[in-house]
Amino acid sequence: MAQAAPAPGGMARPGGREIGTRAAGGRARPPDVFDARTHRVAHFAVPVVLGLIYGYWVAADARQGGPITGGNLLLGWLSALVFAVVSIALLRLAPRMPRELHALLWSAFTGIAFGFLYIQTPHSVWRSVMMSLLIAGCTFGAFFYRYYTREDAFGHRVR
Numbered sequence: 000m001a002q003a004a005p006a007p008g009g010m011a012r013p014g015g016r017e018i019g020t021r022a023a024g025g026r027a028r029p030p031d032v033f034d035a036r037t038h039r040v041a042h043f044a045v046p047v048v049l050g051l052i053y054g055y056w057v058a059a060d061a062r063q064g065g066p067i068t069g070g071n072l073l074l075g076w077l078s079a080l081v082f083a084v085v086s087i088a089l090l091r092l093a094p095r096m097p098r099e100l101h102a103l104l105w106s107a108f109t110g111i112a113f114g115f116l117y118i119q120t121p122h123s124v125w126r127s128v129m130m131s132l133l134i135a136g137c138t139f140g141a142f143f144y145r146y147y148t149r150e151d152a153f154g155h156r157v158r
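To convert, note that position 66 of the sequence shown is 65 in numbering that gives the first Met the number 0; the numbers rise steadily by one, no gaps.
1) With respect to the alpha helix (DSSP H) encompassing Gly75, which residues constitute its N-terminal and C-terminal limits?
2) By how many angstroms is the C-alpha of Thr109 removed from the C-alpha of Arg116?
3) Using a 10 Å radius around the Cβ and a threshold of 16 neighbouring Cβ atoms, would you call Phe142 buried or exposed?
4) Assuming Val199 and Gly75 make a contact with CB atoms under 8 angstroms, what is their CB distance in whole Å?
5) Threshold first: 4 residues or longer. Then list the alpha helix (DSSP H) segments lying entirely within the region 35-70, N to C.
6) When the Cα of Met96 is compared with those of Asp151, Thr120, Phe33, which residue comes out closest?
7) To the nearest angstrom, report how far apart Ile87 and His101 are at their CA atoms.
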């Protein structure tokens, strides 16, 4: 079968870049499926949707199978709002931090969010604190490893 020969300039993208262009380090850059506008919308939409899911989960745990009350709805909405605002702030600020602080911020957020969710169940405060510290420690280990293996000493991405 005959195949079409590639054009000398390569395939152009809507953003003006060409597919298969080289990154600064000389490696081929993977194709970007979405344009910049979609990334900007997703940068805010994903934390908001995750916040709504988190708020619903907090409200459902707090009510413990009982009737839905106004206080329960307020707790869910406030939890969703705080979760979304803090996660948007972390998405904006954490990448500018050194990798140790970057991993520490995300692990603290994860531990606090899990601890608040866990304290809504009928478990003791001691168990909630221990579980959230365990989750935060595991998250710190995973995130530190990820940032340590993908950034140089100055915080620039290697891959």
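Note that beta-carbon positions come from the ideal geometry of N, C-alpha and C, so glycine has one too.
Short version:
1) 69-92
2) According to the sequence displayed, residue 116 carries Leu and not Arg. The straight-line gap from Cα to Cα measures roughly 11 angstroms.
3) buried
4) With the chain represented from 0 up to 158, any question about residue 199 goes unanswered, as that position is not in the structure.
5) Counting only runs of 4 or more, we get 35-62.
6) Asp151
7) Cα-Cα distance, rounded: 14 angstroms.
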